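Below is one structure, written out as structure tokens, with a few remarks after it.
In the numbering used here, the protein residues as written are 6 to 359.
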């Protein structure tokens, strides 16, 4: 099934999404912030991603918490332990072997809302890159997990079920989450605000690519007049954990489903081989550690540093996004103590390389 059919069946008309009135709302929001002075009135609430007032429609459906969702605290503890182990191993290797390991790319990162991101995009002295990080919406394996939990099956038991979705697409709810987000991207990502993506980078997993296309419907490779590149980078893949939902489709299958996305990096990584050589086994063990995941997020930071684009949209999965933010960027975003990168959530980050 071609993604354009699915998007066309679920998205509002182009005029409803990117009409002049909608675009002006984004520009007006930026102007209001620029002109704000000290006042006793209640200031507009600024979410880490979206500028809004309490009385306005806020796409909270895209940020809704699910009991079965991935929680940041649990992953953070394991990630912190891996960070300490990785750092100790590198120091020990340098001491014993007396060689200099390649230095990591480091950067100073700042969490910001989209109003601030629009200003940061033009602040070349303070920021080298402005990154828009987004997690995909609800996918079919999430719905499958819920159904299986209702009959008493664990996630591990569900993974062995023949009906378990392999490299799943979004559910109807997931599409709705991303459509809600698309109304906000129409407000803020346009010529009037000056916040225009120069590059889209997506994970090879279909739910991440589909989410980005629905969230930015007028900027996909097939309809945009700006020729903004869409690149699939395998460094963005979810941590391989043996679940069928993490199996990656072949580049040929992905090209058929998502025309206009460049899959050359995925093809180079595979080297003509199937990325899922263990898929035929009844049960696939955990075959990628969190240290492996952190290495990949570090490599991606190096990759974007070498890219000429400034405003970059990244669509990936929760564990990769956590690794990239906490380890590679080493910054503490707003509300870090609670779960971060819920399904369909987008966060803006300004980066200055050291």
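Quick reminder that beta carbons are idealized off the backbone N, C-alpha and C, glycines included.
Predicted model, so just to flag it, every value in this text is computed and none were measured.
Query	Result
Beta-carbon gap between residue 172 and residue 254 smaller than 8 Å	yes
Residue from 127, 176, 320 and 202 whose Cα sits closest to the Cα of residue 148	176
For residue 124 and residue 272, the rounded distance between their alpha carbons	37 Å
N-terminal and C-terminal residue of the alpha helix (DSSP H) that residue 185 is part of	177 to 193
Residue burial classification, residue 209 (beta-carbon count within 10 angstroms, cutoff 16)	buried
Which listed residue (109, 143 and 115) has its alpha carbon closest to that of residue 321	143
Residues near residue 225 by beta carbon distance below 6 Å, same chain, minus five either side	218
Nearest-angstrom beta carbon gap, residue 356 and residue 114 [assumed within contact, 8 Å]	5 Å
Cβ neighbour criterion (16 or more within 10 Å) applied to residue 166	exposed
Contact between the stretch 228 to 239 and the stretch 196 to 210 (3+ Cβ pairs under 8 Å)	yes
Short Cβ contact (8 Å threshold) for residue 183 with residue 220	yes
Element boundaries [alpha helix (DSSP H), containing residue 138]	Run containing residue 138: none in the alpha helix (DSSP H); it sits in the beta strand (DSSP E), 134 to 140.
Residue 237 and residue 200 closer than 8 Å at C-beta	no
Option in 349, 354 and 359 with minimal Cα separation from residue 212	349
Rounded straight-line distance, which links the Cα of residue 314 to that of residue 136	10 Å
Spatial neighbours of residue 101 in its chain, beta-carbon cut-off 6 Å, leaving aside the 5 residues before and after	A caution first: residue 101 carries a pLDDT of 43, below 50, which makes its placement in the model too unreliable to give a value.
Contacts around residue 216, its chain only, beta-carbon distance under 6 Å, and the 5 residues preceding and following it disregarded	141, 142, 183 and 320
Residues bridged to residue 317 [DSSP beta-bridge criterion]	136 and 204
Environment of residue 345 [buried if 16+ CB atoms lie within 10 Å]	buried
Neighbourhood of residue 266 by C-beta distance below 6 Å, restricted to the same chain and skipping five residues each side	235 and 237
Beta-carbon proximity of residue 249 to residue 164, cut-off 8 Å	yes
Beta-bridge pairing of residue 235 - partner residues as DSSP gives them	205
Coarse secondary structure for residue 352, derived from DSSP in three states	strand
Three-state secondary structure assigned by DSSP to residue 116	strand
Residue 220 - DSSP class collapsed to helix/strand/coil	helix
Spatial distance of residue 146 from residue 160 (CA atoms)	10 Å
Rounded straight-line distance, which links the Cα of residue 242 to that of residue 151	23 Å
Run of the alpha helix (DSSP H) containing residue 299, from where it starts to where it stops	295 to 310
Cβ neighbours of residue 307 in the same chain (closer than 6 Å, five flanking residues each side left out)	110
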